[in-house]
Every structure is written in C-alpha cells, then in structure tokens.
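Participant:
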Amino acid sequence: MKRELLRMEHVSLIRNGEALLDNLNLQIFAGEIMGLLTGRDKGHDQLISLLCQNHPISFGSVWYDGKTINRYSYSDGSFNRVCVIEQTSHLVKGLTIVDNLFVLRKGFKKYWINERILQNQAEAFFQENGIPISIRKRVSDLTPLERCLVELGKGLLLGCRLIVVDNPGNFLSQHELIHFQDMLKRIQKQGVSVLYVGNHHQELFRIADRTSLLYDGQIIKVFERDEMTDEQMAPYITDWFVPGKETVWDAGEGILHFHDVFTKQLHGLEFVLHKGECLTILDMDNQISGDVLSLLTGKEDCRQGRITLEHKPYTRAQAADYLKAGIAVIPKDCTESLLFHERTYMENLTFLLDRKLKRSIIPERIYKSIRNEYVSLVGNVINETNIKSLSLSQQIGLVYHRILLFHPRVLVCIQPLAKGDMFVRMQILSLLRELLKGGTAVLIITANISDTLDISDRLMVVENGRCTVSYEKSEFEFEWYKNAKYIKSKDCLP
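Residues in the sequence shown are numbered consecutively from 2, following our numbering.
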C-alpha cells in the first residue's frame with residue numbers, strides 16, 4: 002500500500018489581494034517522482050517556498066510525513082526537511098564539500114573538528130547512497146552535475162524525504178541531466194520522494210510516475226502514468242504552431258558559415274546557416290555558447306579555421322560592431338542584459354532604430370508610425386514608463402519586438418526557452434517565426450531542446466566542440482532523443 006508523504010489540501014495563498022495559490026491540492030507518495038508542469042509561472046515560487054517553510058497561508062492545510070505542519074489557522078514559520086536543487090547553488094564555494102556537509106549543518110556543535118573523521122564519514126555516506134563524487138574536492142571546482150549531487154547528498158544526510166528539483170534541464174547538459182535523473186531514480190528506490198518541476202511536458206513524462214499541471218496557482222490536472230502522452234496533454238495547451246504559411250528557408254547560399262573553427266571549447270565546429278532558416282545546436286556539454294558569442298561579437302579570434310558572413314571573411318574588427326554587420330544576439334538572461342529599466346517601453350523598443358536607419362536623428366513621424374503599428378501587438382503597455390513593472394512575459398516580448406524592428410540578417414539565441422512558463426515559451430516561438438518569415442537566419446544554441454525543434458529546420462548535436470550528428474526536420478521528431486542509449490553511453494562523470 003502506498004504511504005502518503007505530502008498532502009496539500011485546498012491551500013490558498015493570498016497576498017495583496019492576489020491569489021498566488023488558489024485552492025491547490027497536491028499529493029505525493031513516498032518513493033514517488035511527481036512531475037510538476039508549470040503552465041503559468043504564477044504560484045511556482047510560492048509553492049516551493051511553502052514546501053520548505055511553513056509560511057502563513059490563507060486557507061487549507063498541509064501534511065508532511067504523517068503530521069499536520071501548516072494550516073490556515075496557525076503557521077509557526079518552521080522549516081521542513083525538504084531539499085531544493087535549482088540553478089542557484091546552496092553551497093558555500095570557498096569551503097570544501099565536507100565543510101558544507103557537516104560544519105555548516107544545523108545542530109553541528111563541535112569546537113574541535115577532526116577533518117579526517119568527517120571525510121571518512123562523508124565518503125562512506127556517498128558510497129552507501131551511490132553518489133559518485135570525490136569528497137575531497139572544493140565546491141568551487143565542482144561541475145554543475147557534481148554540485149547537484151553534493152546538494153542531493155547533503156539533503157539525504159539531513160534526513161530530507163522530499164527532494165524538489167527545479168528545471169534541471171536549464172542548467173545541466175544533456176549528459177549530466179541523464180546521469181542526474183538516474184540518481185533520482187536510485188534514491189526513489191530508497192523511499193525518497195522527488196518533486197520534479199519543469200516547463201515542458203515531454204521532459205517530465207520521461208521520468209515522472211505522475212505529473213501535475215500547475216496553472217494560475219491551481220493544480221488543474223494530474224496525469225497518471227498511462228495518461229502521460231502528447232495526445233492527453235494536447236487539450237491543455239494551445240497549438241505550438243501559428244496559423245499561416247510555414248517558413249521556407251533559402252537552401253541555396255548560406256549567410257553565416259563556420260569553417261572548421263577551433264577555440265578553447267570548439268574543436269573543429271563547422272556549419273552553414275541559410276537565410277530564413279532556424280538551426281538548433283544541441284550542446285551536449287553546455288560549454289560552447291560562450292565561445293560562439295565571443296567569436297561573433299569580436300571578443301575572441303579563431304585559433305584555427307575561419308568564419309564568413311555572406312561568403313566574406315567575418316573578421317574580429319567587423320565583429321566588434323556586430324550589429325552593423327547585421328548580427329543580433331539574445332543571451333539567456335535577455336531581460337537583465339538587454340533592457341534599460343530606467344527608460345520607457347518605447348525607448349527600449351526603438352533602441353536599435355538609429356542603426357537600422359543609419360541616422361542619428363529619427364523624425365517624430367517614424368516614432369508615431371512605430372507606436373501605431375505596435376500598439377495593436379502589445380496593447381497599452383507600449384505607454385509604460387517604468388518597465389520594471391512589466392511581467393516577465395511582457396519584458397521578454399519587448400526584447401523580441403526590438404529585434405523584429407531591427408530585422409537582423411542573423412539572430413543568435415542562447416537557450417531562449419530557459420525562462421518562463423509554457424505560455425511564455427509559446428510567445429517566444431511565435432516571435433521567432435515572425436523573424437524567420439522575414440528572412441532572418443536564426444541560430445539557437447541550447448542544452449535542452451525543449452520546444453525549439455518545433456521551429457527548427459535542422460538539428461546539430463555537438464559534443465566536445467564538434468558536430469557528432471545532424472538531423473533534417475523530417476528526421477528528428479524527438480525520436481533520437483527518446484533513445485537514451487545514445488546519451489547514456491557517454492560518461493560525463495570523473
């Protein structure tokens with residue numbers, strides 16, 4: 002018989018008149034991997050925070066490990082034995098793994114510390130739990146996977162029976178993600194439960210025993226094991242494809258060409274990007290995006306090989322003014338790095354207009370024309386003077402609308418779908434389609450393909466800085482990714 006580990010019953014959390022959690026019901030059994038698909042970001046942070054600490058709630062009750070830990074009538078603010086593994090590290094970088102496991106542990110009261118004894122205890126614990134990592138490493142030297150494993154080990158050491166994993170596909174490479182998922186399945190057999198949070202159903206369906214759909218602070222559907230299919234999911238999401246003609250890219254002459262390029266992380270990378278084409282590069286090691294951006298923006302030179310733009314050498318001097326060359330870049334943290342929060346929406350939207358028109362003084366009539374065109378697309382938000390007040394969806398939309406207005410020849414996107422819920426992702430895909438229809442060549446570099454294949458014309462898999470396999474649109478259809486043997490055969494652990 003299944004033993005219930007966590008139950009949240011009719012939980013509502015109202016702050017400043019807004020229901021962040023609205024009559025939410027969630028049940029997790031011991032030894033279960035429960036997927037949590039976020040349809041909207043609303044309630045995501047509050048739910049995880051509430052699992053970790055018993056904050057006051059407006060309605061409902063919470064049970065954990067057989068005890069009532071929180072209710073609408075009384076909340077003591079105590080912490081629960083729940084471990085959260087997310088993009089932000091919870092370890093102290095300047096200390097060793099042992100120090101993070103024991104010395105910083107709540108309740109550790111020793112004045113004299115025998116480091117050898119602690120090391121032996123830590124090694125025995127990690128071996129017992131099948132966590133393959135050198136305990137003598139310093140935290141600052143850990144890979145993302147090793148950091149996650151150490152945090153997992155620390156959680157188990159503290160007696161946590163619930164592990165919350167928040168979007169690991171956004172910060173682990175594909176190799177690392179498969180190994181980490183295997184580790185989660187291993188601790189599952191020990192009776193430890195996992196809440197696996199993600200914003201793409203296919204990733205969750207591959208690992209979860211059940212999956213809950215969180216939308217606007219409510220669990221609106223729980224998918225049982227036999228229901229976790231694309232067909233069952235279809236009624237709960239809007240069609241990913243925008244009505245109208247599909248983008249047709251020019252298979253003739255390429256715009257951007259990497260010719261056997263070598264840098265620190267690139268080892269003979271070669272590809273051609275065509276006009277109106279979307280090429281997705283799946284970086285299995287999650288390492289090449291920095292070098293590609295450095296080459297395209299003039300921060301680095303090829304150690305070997307060359308780059309051509311429309312069949313002409315793309316030199317470092319030319320790359321220093323990459324916008325003038327017609328290349329635009331949207332990094333992973335686009336809302337932090339590309340928006341000017343002290344400027345208005347219109348000032349942000351038209352920021353690249355002088356480069357597009359090649360004139361420093363822009364007539365007022367042009368600004369009025371742009372306002373009239375975009376107000377039908379974005380609404381009254383175009384009059385906003387403080388873009389800090391915009392939602393994440395509106396800020397991301399502003400970034401992409403600016404690029405649409407600039408109309409570059411080449412757009413490079415780094416993990417464009419890493420942030421936001423699935424509706425923000427749909428918005429990004431829709432805007433990328435508009436760019437492709439206008440003839441812009443789009444290069445996506447990602448560690449997690451997610452929905453990018455929906456708009457991609459080609460997929461390249463890159464390992465150790467070089468292309469190992471390439472797929473045309475008719476070939477990928479996620480079939481290669483479902484075959485985990487390809488990934489599991491690559492050992493990324495020391």
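Backbone N, C-alpha and C define an ideal beta-carbon position, used for all residues, glycine too.
The structure displayed is predicted, hence computed values, not measured ones.
(1) Quick check on DSSP: helix, strand or coil for Thr469?
(2) Check whether the Cβ of Ile328 lies closer than 7 angstroms to any heavy atom of the ligand NAP, and answer yes or no.
(3) Taking just the CA atoms, how far does Gln122 sit from Arg162?
(4) Flag Gln120 as yes if its beta-carbon sits less than 8 angstroms from any beta-carbon of chain C, otherwise no.
(5) Tell me whether the beta-carbon of Ile164 lies closer than 8 angstroms to the beta-carbon of Leu150.
(6) Can you name the residues that DSSP bridges to Arg211?
(7) Buried or exposed: Leu393, going by 16 or more other Cβ atoms within 10 Å of its Cβ?
(8) Could you check the C-alpha separation between Gly245 and Met427 for me, to the nearest Å?
(9) Can you give the Cα-Cα distance for Thr291 and Glu301, rounded to whole angstroms?
(10) For the candidate residues Cys84, Val83, Arg82 and Pro57, whose alpha-carbon lies nearest to that of Asn71?
(11) Per DSSP, what kind of secondary structure is Cys414 in: helix, strand or coil?
(12) Determine the DSSP secondary structure at Pro364, reduced to helix, strand or coil.
(13) Of all the beta strand (DSSP E) runs that stay within the bounds of the stretch 132-174, which reach a length of 3 or more residues?
(14) Could you check the C-alpha separation between Asp231 and Thr453 for me, to the nearest Å?
(15) What did DSSP end up calling Leu339 once you bin it into helix, strand or coil?
(16) Evaluate Gly67 with the Cβ neighbour count: other Cβ atoms within 10 Å of its Cβ, from every protein chain shown; 16 or more gives buried, anything less gives exposed.
(17) Leu38 and Leu215: beta carbons closer than 8 angstroms?
(18) Using the Cβ count rule (16 or more neighbours within 10 Å means buried), how would you classify Ser457?
(19) At the level of alpha carbons, what is the spacing between Gly299 and Val293?
(20) Is the beta carbon of Gly306 less than 8 angstroms from the beta carbon of Asp261?
(21) Apart from the five residues on each side of it in sequence, which residues of its chain come closer than 7 angstroms, Cβ to Cβ, to Lys222?
(22) Taking the alpha-carbon positions, what's the Leu22 to Cys53 distance?
(23) Can you tell me whether Asn130 is helix, strand or coil according to DSSP?
(24) What's the call for Ile362, buried or exposed, on a 16-neighbour Cβ count within 10 Å?
(25) Please classify Thr89: is it buried, with 16 or more other beta-carbons within 10 angstroms of its beta-carbon, or exposed?
Facilitator: The answer reads as follows:
(1) strand
(2) Here there are no bound small molecules, and the ligand NAP is not part of this structure.
(3) 20 angstroms
(4) Absent from the structure: chain C. Only one protein chain is present.
(5) no
(6) Met35
(7) exposed
(8) Low local confidence applies: a pLDDT of 39 at Gly245 is under 50, so the model's placement there is unreliable, with the coordinate-based value given in what follows. Roughly 16 angstroms between the two C-alpha positions.
(9) Here the sequence assigns Gly to residue 291, which means Thr is not the residue at that position. Whole-angstrom Cα-Cα distance: 10 angstroms.
(10) Pro57
(11) strand
(12) coil
(13) 163-167
(14) 16 angstroms
(15) coil
(16) exposed
(17) yes
(18) buried
(19) 10 angstroms
(20) yes
(21) Leu214 and Tyr237
(22) 15 angstroms
(23) coil
(24) exposed
(25) exposed
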